[in-house]
Amino acid sequence: MEADQETRPGADAQRRLQLYAYLQPREHHRTYLAIMRLFTSTLLADLSAGEVSSALAAAERDGSIDVGESHVDVVIPRLRQLVEWGNLVHGRRETIASSIAEFLQGSMRYQVGKLAVRVQRDVDELLRVPEGAREVSRELLPAIERGLGELGEALATAIARSDRDPGSLPARRAREQLAERVTTLFLQHAELAATVRDFYAYLGQVLTRHHLAPEEISGFRNLLVEYIQLVVEDVLRHTPTIAAALAGLAPHRARLLALLRPAEQLGAAVERTRGRGEADWQELADWFADRPGNPSQVTALRDATTRAIGALLATVRRATTGGGLLPSRRAELVRLAGWFDRATPDEAHALYAGAFGLHSARNLLPAPEHDGDDEHTPWADGPAVDVSVSVRGRGDRGARGRTSRIMDDPITEQGLLAAARAADERREAAAAELAAAAARADGIDGAVLSAPALRALCELLTLAMAQREGAADPGSATDQVRGLTLRLTPAPGRTTDIRSESGTLTLRDTAVDIARVQTARAARDAR
Numbered sequence: 001m002e003a004d005q006e007t008r009p010g011a012d013a014q015r016r017l018q019l020y021a022y023l024q025p026r027e028h029h030r031t032y033l034a035i036m037r038l039f040t041s042t043l044l045a046d047l048s049a050g051e052v053s054s055a056l057a058a059a060e061r062d063g064s065i066d067v068g069e070s071h072v073d074v075v076i077p078r079l080r081q082l083v084e085w086g087n088l089v090h091g092r093r094e095t096i097a098s099s100i101a102e103f104l105q106g107s108m109r110y111q112v113g114k115l116a117v118r119v120q121r122d123v124d125e126l127l128r129v130p131e132g133a134r135e136v137s138r139e140l141l142p143a144i145e146r147g148l149g150e151l152g153e154a155l156a157t158a159i160a161r162s163d164r165d166p167g168s169l170p171a172r173r174a175r176e177q178l179a180e181r182v183t184t185l186f187l188q189h190a191e192l193a194a195t196v197r198d199f200y201a202y203l204g205q206v207l208t209r210h211h212l213a214p215e216e217i218s219g220f221r222n223l224l225v226e227y228i229q230l231v232v233e234d235v236l237r238h239t240p241t242i243a244a245a246l247a248g249l250a251p252h253r254a255r256l257l258a259l260l261r262p263a264e265q266l267g268a269a270v271e272r273t274r275g276r277g278e279a280d281w282q283e284l285a286d287w288f289a290d291r292p293g294n295p296s297q298v299t300a301l302r303d304a305t306t307r308a309i310g311a312l313l314a315t316v317r318r319a320t321t322g323g324g325l326l327p328s329r330r331a332e333l334v335r336l337a338g339w340f341d342r343a344t345p346d347e348a349h350a351l352y353a354g355a356f357g358l359h360s361a362r363n364l365l366p367a368p369e370h371d372g373d374d375e376h377t378p379w380a381d382g383p384a385v386d387v388s389v390s391v392r393g394r395g396d397r398g399a400r401g402r403t404s405r406i407m408d409d410p411i412t413e414q415g416l417l418a419a420a421r422a423a424d425e426r427r428e429a430a431a432a433e434l435a436a437a438a439a440r441a442d443g444i445d446g447a448v449l450s451a452p453a454l455r456a457l458c459e460l461l462t463l464a465m466a467q468r469e470g471a472a473d474p475g476s477a478t479d480q481v482r483g484l485t486l487r488l489t490p491a492p493g494r495t496t497d498i499r500s501e502s503g504t505l506t507l508r509d510t511a512v513d514i515a516r517v518q519t520a521r522a523a524r525d526a527r
């Protein structure tokens, strides 16, 4: 019964996940990490407890592990624990000892398992990764395109020579060259896919933040407008050729996999190199080409870019116009964090109490009657104390009463009215400019918008994008005050260039229509 349980997929997954146990922030986890790095630093490491103890002495001196962790009596239980978790296995090398103590310490030797090597390798790579964005390996796209062309030629040569004489030297060399092309192709694609995935993961992490500093907004705007444009343009430029090459290879996949031949000499349970199975080629084709009900990663990349640009436009609009539910307190919180960082413990307590008003608990009322009469009644079941609405809802203990009379200030009133009229005139001019540009014979593509008109367009564009559930759905937004309506319609293959004094905004696969109707306010102004 136990054997059957060990062979179940769930038991195997649990056993593999146990390999990560030494990474948990438990006691002595730094020692476990140092031991695993020692075993994975060389090939075929076969070490005894004494050799591990000698190697950990240097780590103890530089403070990487706690004092006393390099002693052999401490190292032995650590090694046994790693064996129990499955990271280490017992070695089988004979030992020549000069004493019984040396024999006891050196007779039991340890080696690292295959899966444990991969876990430690991934851990070390993760610890070296910086927090910023990862550069996308765009240069691999033309390499993949070129490699598919060379792969087609190598496949034709290998098929011809194998049909003529499978065991000849030219046939073996042709199959080796074919395997070289396949391995190189899949390594290049794996690196490209990993960099794209990491870059967009970082981008999504940044865009979820509600408040961004002005310098961060400027940096992310350049990142989106310039860098993402280069990435998407390169992907879209090379994708048709790559997809066509993969479609041309599809009828010959069975023959290709037969020429690559499985590595029988390694046994039945072999981890094959990528490109040696049908699933690997299907995954590669799905990355570049759409299938019914299964959009490609290129389509997902284009949609993610559209959503990222829409989110950035909304962030910029919120930061520049003061919109949003709450005002940004980021600058104040950063300054407060700096004060906490420079404060002593006593100063930090005083600063915390002054900033948040969370003082220690104090009872300013006399003890309730039930505290003296019934000592067994919990406080939660005792009588409730009435708390005023101002304290309960707003935390305000000030006296509430009639508000004071507002003093008449005609100069300030006229100044505010003049500023409001000027802002309204600028918005009206921007709306009129957009309507005039849309009424041109060549459409909005042929106009050069001013900065106020571009801001008004971006506001409507952000609202319209927010209404779209996907890239294939339309969207619209309306300025109810000025009667300006913007509609976004999916148009595959169409490119809309909106030019302005500060640059060009390019919308792909999208048509933009702007219309203006006369509002009641405009009719009153005309009369």
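Here my numbering is used: position 115 in the sequence shown is 115, and no number is missing along the way.
We treat Cβ as the ideally placed atom computed from N, Cα and C, and that holds for glycine.
When the alpha-carbon of R197 is set against those of P292, V481 and W287, the nearest one is in W287. In the structure shown, L358 falls within a coil segment according to DSSP collapsed to helix, strand and coil. At the C-beta level, Y22 and R134 stay beyond 8 Å of one another. At a Cβ-Cβ threshold of 8 Å, A45 and V112 count as neighbours.
Residue pairing from DSSP leaves D124 without any beta-bridge partner.
The beta carbon of V52 is closer than 7 Å to those of I35, L38, V75 and L79 in its chain, skipping five residues each way along the sequence.
Within 10 angstroms of the beta-carbon of R109 lie 16 or more other beta-carbons, which makes it buried. Three or more Cβ pairs closer than 8 Å define a contact, and the region 296-312 falls short of that threshold against the region 251-259. In the same chain as A243, and ignoring 5 residues on each side of it, the C-beta atoms closer than 7 Å to its own belong to F288 and A289, in chain order.
Segment contact: the region 457-467 against the region 415-422, fewer than three CB-CB distances shorter than 8 Å; contact not assigned.
The residues V89, H90 and Y110, in chain order, have a CB closer than 8 Å to that of V83 in the same chain once the five nearest residues on each side in sequence are set aside.
For S500, the closest alpha carbon among the candidates T489, D509 and S450 is that of S450.
Beta bridge pairing from DSSP links T478 with T485. Taking a 10 Å sphere around the C-beta of Q24, we find fewer than 16 other C-beta atoms and assign the residue as exposed. Under DSSP, L507 takes part in a beta bridge, and its partners are T496. If you ignore the 5 residues before and after L460, its C-beta comes within less than 6 Å of the C-beta of A477 and L486, all in its own chain and listed in chain order. Distances from the CA of D66 to each of F199, V72, T273 and T31 were compared; the closest alpha carbon is that of T31. Pairing L284 with L246 gives a Cβ-Cβ distance under 8 Å.
For the options G483, E469 and T504, the alpha carbon positioned closest to that of P490 is the one of E469. It is roughly 11 Å from the alpha-carbon of I228 to the alpha-carbon of A304. Note that the C-beta distance between D479 and A431 is below 8 Å.
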